[in-house]
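So for the sequence shown, my numbering puts the first residue at 3; every next one is plus one.
By construction, the Cβ of each residue, glycine as well, lies at the ideal position given by its N, Cα and C atoms.
The next block holds one structure in the form of structure tokens; read it before the comments.
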Amino acid sequence: MLDERGRPRYLKGMEQIKPPLTLYLAAPRGFCAGVDRAIKIVEMALQKWGAPVYVRHEIVHNKYVVDQLRDQGAVFVEELDDCPDDRPVIFSAHGVPKAVPAEAQRRQMVYVDATCPLVSKVHIEAERHHAAGLQMVMIGHEGHPEVLGTMGQLPEGEVILVEDVADVATIEVRDPQRLAFITQTTLSVDDTAGIVAALQARFPGIVGPAKEDICYATTNRQAAVKAVAPHIDALLVIGAENSSNSKRLVEVGKASGCSYSQLVMRAAQIDWRALEGIRAVGVTAGASAPEVLVNEVIDAFRDRYDVTVELVETAVERVEFKVPRVLREAAG
Ligand code: 0CM
Ligand code: SF4
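Structure representation (structure tokens):
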């Protein structure tokens, strides 16, 4: 029996015995090197130039992170048109179409590009294929800012988007012999393998990266969820609705046999009634979700259960990216 706040209800005078629960904590989880760098860029820009510093799009897809930076003087906008000429602007970790920095230059704005180097790597791949005369197929989710940014590296019509295996059957290409594929960095590793296989079956001459362009952080977080899944009755993924990599973790949880796999922004969103009777829960966090929110969720479980934490670590990450040189130089 749970009370109105989802905590176990006890009879008056009885000792408060909390039910036992094992909490399997996935590792790696949470911030990746690209997110860490992007947040640092905003913080260092605020130190260097003072507030306000404009940020085009959420620097990373997490409301908590965005709210904290806003409190320090960052102003989040969706388009460059919403920024004044005389304040610095930062481009989010997801990348921007080529037209965006070009426009910032035309307006003689100070800008810092916080695009993750692993997204920039895909931009460069696309340009290289284009220069070699190949048309591009991009595997990704329509409308996602990374997809808009990557497709926007090449002229209109040069990149064809496919979202799933069904799309592969219907696309029309200029020349099947002169084709390359690239992918969004935050896709499901397993789903993408299926789409790549379908592309290779229909266009045997298609050129691509060794596997796909999914980044190390996405790959590692999905592998950790797969390792946790056999132990648990429910999985909570800490992350935001607009975070592609976080949503993929929910799907991987479900595909790995965990029927209750749920995205939560933070502890307040946990549906305690849905968890009634569970004995083992898995917790992970998307690449844009700060560890403070993981701790908040663990504490919320401790309020209600006698918790034993088991770490399930499938990789150790040591990737770090430097911030752009302009921010490493003294204020000026
Ligand atoms: O791309 P995605 O929606 O997963 O973005 P995010 O901000 O949640 O995660 C980090 C990144 C990138 C690029
Ligand atoms: Fe870069 Fe991957 Fe992190 Fe995106 S999820 S910011 S591509 S490291």
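Run through DSSP, which three-state label would M267 get?
Residue mapping note: residue 267 aligns to position 265 of the sequence shown, counting from 1. Of the three classes helix, strand and coil, the one that applies to M267 here is coil, per DSSP.
If you measure from the CB of T188, is any heavy atom of ligand 1 nearer than 8 angstroms?
Position 186 of the sequence shown, counted from the first residue, corresponds to residue 188. Yes, ligand 1 has a heavy atom inside 8 angstroms of this Cβ.
Does the structure place the stretch 84-99 close enough to the stretch 146-166 that three or more beta carbon pairs sit under 8 angstroms?
At 8 angstroms Cβ cutoff, the stretches touch.
Considering only residues of the stretch 120-190, which uninterrupted alpha helix (DSSP H) runs meet the minimum length of 4 residues and lie entirely inside it, listed in chain order?
Qualifying alpha helix (DSSP H) stretches, in chain order: 147-153 and 167-172.
Take P178 and list the residues in its own chain whose beta-carbon comes closer than 6 angstroms to its own, dropping the five residues that flank it on each side.
Along the sequence shown, read from residue 1 onward, the residue named residue 178 stands at position 176. Once the five neighbours on either side are set aside, the close Cβ partners of P178 are F205.
Would you say the stretch 68-83 touches the stretch 293-308, given that touching needs at least three Cβ pairs under 8 angstroms?
The stretch 68-83 is not in contact with the stretch 293-308.
In chain order, what residues of the same chain lie with their CB nearer than 8 angstroms to the CB of P30, ignoring the 5 residues before and after it?
For the purposes of this step, residue 30 is identified with residue 28 of the sequence shown, where counting begins at 1. Excluding positions up to five away in sequence, the list reads A219, N222, R223, A226, E315, T316, A317, V318 and E319.
Is the CB-CB distance between V67 and P326 below 9 angstroms?
Mapped onto the sequence shown, residue 67 falls at position 65. Mapped onto the sequence shown, residue 326 falls at position 324. It is not a contact, given that the beta carbons lie outside the stated cut-off.
Can you find a heavy atom of ligand 2 that lies under 8 angstroms from the Cβ of L120?
Locating residue 120 in the sequence shown gives position 118, where the first residue counts as 1. L120: yes, Cβ under 8 angstroms from ligand 2.
Between E60 and ligand 1, is there a pair consisting of the residue's CB and a ligand heavy atom that are separated by less than 8 angstroms?
Working through the sequence shown from its first residue, we reach residue 60 at position 58. Yes - ligand 1 has a heavy atom lying nearer than 8 angstroms to the Cβ of E60.
Can you give the beta carbon distance from V198 to E214, rounded, assuming they're within the 8 angstroms contact cut?
Reading the sequence shown from its first residue, position 196 is the one you call residue 198. Reading the sequence shown from its first residue, position 212 is the one you call residue 214. Indeed, because the Cβ distance is near 6 angstroms, the residues count as touching under 8 angstroms.
Does the beta-carbon of E243 have 16 or more other beta-carbons within 10 angstroms, so that it is buried, or is it exposed?
Here residue 243 refers to the residue found at position 241 when the sequence shown is read from its first residue. E243 is exposed by the Cβ-count criterion.
Based on DSSP bridge pairs, tell me the residues matched to F78.
Counting from 1 along the sequence shown, the entry for residue 78 is found at position 76. Answer by DSSP bridge pairing, in chain order: V57.
How long is the line joining the alpha carbons of A200 and I162, rounded to whole angstroms?
Numbered from 1 along the sequence shown, position 198 holds the residue referred to as residue 200. Numbered from 1 along the sequence shown, position 160 holds the residue referred to as residue 162. Going by the C-alpha atoms only, they are around 15 angstroms apart.
Who are the Cβ neighbours of A35 in its own chain at under 6 angstroms, not counting the five residues just before and after it?
Translated into the one-based positions of the sequence shown, residue 35 becomes position 33. Closer than 6 angstroms at Cβ, skipping near neighbours: V321, E322 and F323.
Starting from A226, trace the alpha helix (DSSP H) in both directions and tell me its first and last residue.
Position 224 of the sequence shown, counted from the start, is the residue given in the question as residue 226. That run of the alpha helix (DSSP H) goes Y218 to V230.
Going by C-alpha distance, which of G241, L277, S290 and V254 is nearest M267?
The residue you call residue 267 lines up with position 265 of the sequence shown. When only C-alpha atoms are compared, the closest one is G241.
How is A236 classed by DSSP in three states: helix, strand or coil?
As a first step, residue 236 is located in the sequence shown; it is residue number 234 there, counting from the start. Strand, per DSSP.
Determine the direct distance from the alpha carbon of A231 to that of L237, and round the result to whole angstroms.
Against the sequence shown, residue 237 aligns to sequence position 235. Against the sequence shown, residue 231 aligns to sequence position 229. Cα to Cα, L237 sits roughly 8 angstroms from A231.
Using the DSSP secondary-structure output, state which residues sit across from A106 in a beta bridge.
Sequence index remark: in the sequence shown, residue 106 carries index 104 (1-based). In DSSP, A106 forms no bridge with anything.
What separation, rounded to the nearest whole angstrom, lies between the Cα atoms of P22 and V299?
Residue mapping note: residue 22 aligns to position 20 of the sequence shown, counting from 1. Residue mapping note: residue 299 aligns to position 297 of the sequence shown, counting from 1. C-alpha separation (whole angstroms): 16 angstroms.
Under the rule that 16 or more other beta-carbon atoms within 10 Å means buried, what is E60, buried or exposed?
Start at 1 with the first residue of the sequence shown, and residue 60 comes out as number 58. Label assigned to E60: buried.
Tell whether a beta-carbon distance below 9 angstroms holds between L181 and V209.
As a position in the sequence shown, residue 181 is number 179, starting the count at 1. As a position in the sequence shown, residue 209 is number 207, starting the count at 1. Yes, they are a contact pair.
Kindly identify the DSSP beta-bridge partner or partners of E312.
As a position in the sequence shown, residue 312 is number 310, starting the count at 1. Y26.
Since I43 contacts A116 with CB under 8 angstroms, what's their CB separation in whole angstroms?
The count along the sequence shown starts at 1 and reaches residue 43 at position 41. The count along the sequence shown starts at 1 and reaches residue 116 at position 114. Confirmed, about 4 angstroms.
Tell me the start and end of each unbroken beta strand (DSSP E) in the stretch 239-298 that is at least 3 residues and wholly inside, in chain order.
Segments of the beta strand (DSSP E) lying fully in the stretch 239-298: 262-266 and 282-287.
Grouping DSSP H, G and I as helix and E and B as strand, with all else coil, what is I197?
To locate residue 197, count along the sequence shown from 1; it is residue 195. DSSP places I197 in helix when its eight states are reduced to three.
Excluding the five sequence neighbours on either side, which residues of its own chain have a C-beta within less than 8 angstroms of the C-beta of E129, listed in chain order?
Residue numbering aside, residue 129 sits at position 127 when the sequence shown is read from its first letter. If we look at E129 and ignore the five residues flanking it on each side, its Cβ neighbours are Q155 and L156.
So, under 8 angstroms CB-CB, R281 and T24 are touching, yes? Tell me the CB distance rounded to an integer number of Å.
Your numbering for residue 281 matches position 279 in the sequence shown. Your numbering for residue 24 matches position 22 in the sequence shown. Contact holds; Cβ gap of about 7 angstroms.
Out of V57, L329, R72 and K65, point me to the one whose CA is closest to P86's CA.
Within the sequence shown, the letter at position 84 stands for residue 86. Minimum Cα distance to P86 is reached at V57.
Specify the secondary structure class of V321 as computed by DSSP and reduced to three states.
Indexing the sequence shown from 1 puts residue 321 at position 319. Residue state, collapsed to three classes: coil.
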